[in-house]
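Residues in the sequence shown are numbered from 1 upward in steps of one, following my numbering.
From the three backbone atoms N, C-alpha and C, an ideal C-beta is built for every residue, glycine too.
Below is one structure, written out as structure tokens; the observations come after it.
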Amino acid sequence: MSKNLLFNNSNRLYRILVRLNSYQKLTAHAISHGISLKNLAISQFPYLFKDSLEPPIVSLEFTNYCNLKCLYCTSSYEKRNKGFMSDEVFKKVFDSLKTMKPTRVQIVGNGESTIHPKFDKYISELSKIKHYVSIVTNGNFIKEDIAEKLVRSNIKLIDFSIDAGGKEAYETSRKNGNYDKVIENLLKLKAAKKKYYSDCVINIRIMVRPSQMGSYKKEMEFWKNYADRVMPQFLVHINNTEYSHDLFKPIQKNQNSFPKCSLPFKHIEVRHNGDVLLCYHSAYQLKNEAGLKIDNVLNKSITELWNSNIMKQYRNAHRTRKEKEMPICLGCSGC
Ligand code: SF4
Ligand code: SF4
């Protein structure tokens, strides 16, 4: 199997088709919890719709500290300060979200959110004002009771990222990670769901490298024993980061072209210190950890940040293919 296979990360249709079964079920689940079909459709095919006046997905980085040191993690290339989201930033985010229409709130970022000292308080509060709160985790929980707390917080989707290739490959890629512990935590979640009659969905994202293309589907069958859904996630090299061993190479990098990106149409991310960037890729594209910064939630509401001139410029540039107006996107894998 050839290494460094080219991959078009911004090909939404391919990404949907390869995960169709899981997407259908996750879509039905999100709709049953108040997320509109339009919100979900804009996230996948933004060019078919007018720009949304509010972000369909708000991502929150509770922290950029992590208990693992994965080989391909971009966090190790960042020089930005490590920290935890403060109560002040959280309150601003919370107040902004309260005024917004139903939207999806995703707890994710370049760190492991569950290690935030106020993790359970924050997710419980968010779940009270937003119907669809989800989290992406490495599943190596440090706190023993986190599985129960996740389920009891009324969170709707728990996304586990697990590397393909079995225990040895997992623990090689995910330094400090423990494969058996991840399985144990999945079982704890399953038990907690049963105990509290929770309809929260546990989804496993199998992180697939080019060399695993021939074997990952069989492995997905194994993981179905531990989760409600299993889907592949192809590991793509991020521009200007060092580690590229056995990762997909973005086709745009190879062709020196601009992707058709959906990120500025569907997603806004608040970093732990309240900073909001055009997108997380902007930090790598600009080779500058500050990225293309829009402003900070301490100064502006999420809706104002979403409708800022920079966000509008990049949305319009992608929509009309005005490459000069999206200079930082050259060679990016997009999304
Ligand atoms: S779990 Fe995620 S944030 Fe933590 S080191 Fe691995 S890739 Fe990075
Ligand atoms: S840098 Fe441009 S192409 Fe890359 S993710 Fe951001 S908006 Fe999309």
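Where Pro232 sits in the DSSP three-state scheme: strand
Does Val270 come out as helix, strand or coil in the three-state DSSP assignment? strand
Could you tell me if the beta carbon of Lys79 falls within a distance shorter than 8 Å of some heavy atom in ligand 1? no
Helix, strand or coil at Asn299 according to DSSP, with G and I counted as helix: coil
Heavy atom of ligand 2 within 8 Å of Gly109 beta-carbon: no
DSSP-derived helix/strand/coil call for Phe119: helix
Ile328 CB to nearest heavy atom of ligand 2 below 8 Å: yes
Ala59 classed as buried or exposed, judged by whether at least 16 other C-beta atoms fall within 10 angstroms: In the sequence as displayed, the identity of residue 59 is Ser instead of Ala. Result: buried.
For the alpha helix (DSSP H) containing Gly220, list its first residue and its last residue. A small correction: the amino acid at residue 220 is Met; Gly does not occupy that position in the sequence shown. From DSSP, the alpha helix (DSSP H) with Met220 extends over Tyr216 to Trp223.
Tell me Val105's beta-bridge partners as DSSP assigns them. Val58 and Val133
Where does Cys332 sit, in a helix, a strand or coil, going by DSSP? coil
Phe49 to Lys149 span [Cα, whole Å]: 38 Å
Which residue comes first and which comes last in the beta strand (DSSP E) that contains Met207? Val201 to Val208
Tell me the residue span of the alpha helix (DSSP H) that contains Ser43. Leu37 to Gln44
What residue ranges within the region 132-190 form continuous alpha helix (DSSP H) runs of no fewer than 4 residues, ordered along the chain? 146-152 and 166-173
Return the first residue and the last residue of the beta strand (DSSP E) that Leu5 is part of. Where Leu5 is concerned, there is no enclosing beta strand (DSSP E), given that its DSSP letter is neither H nor E.
According to DSSP, simplified to helix, strand and coil, what is Ala317? helix
According to DSSP, is Val276 part of a helix, a strand, or is it coil? strand
Assign Lys322 to one of three DSSP states: helix, strand, or coil. coil
Element boundaries [alpha helix (DSSP H), containing Arg80]: Where Arg80 is concerned, there is no enclosing alpha helix (DSSP H), given that its DSSP letter is neither H nor E.
Compare the Cα-Cα distances from Thr99 to each of Ile302, Leu68, Leu278 and Gln313 and report the closest residue. Ile302
So who's on the other strand from Thr63, going by DSSP bridges? Phe84
Is it buried or exposed for Thr103, if we count other Cβ within 10 angstroms and need 16 for buried? buried
On the three-state DSSP scale, how would you describe Ile294? strand
Measure the alpha-carbon distance for Phe160 versus Glu112 and round it to whole angstroms. 11 Å
So what does DSSP say about Phe94, is it helix, strand or coil? helix
Lys50 in three-state terms, based on DSSP: coil
Can you list, in chain order, the residues of its chain whose CB lies under 8 Å from that of Ala227, leaving out five sequence neighbours each side? Phe160, Leu186, Ile202, Asn203 and Ile204
Who are the near neighbours of Asn176 in its chain, counting only those whose CB is closer than 7 Å to its CB and skipping five residues on each side? Asn67, Leu68 and Lys69
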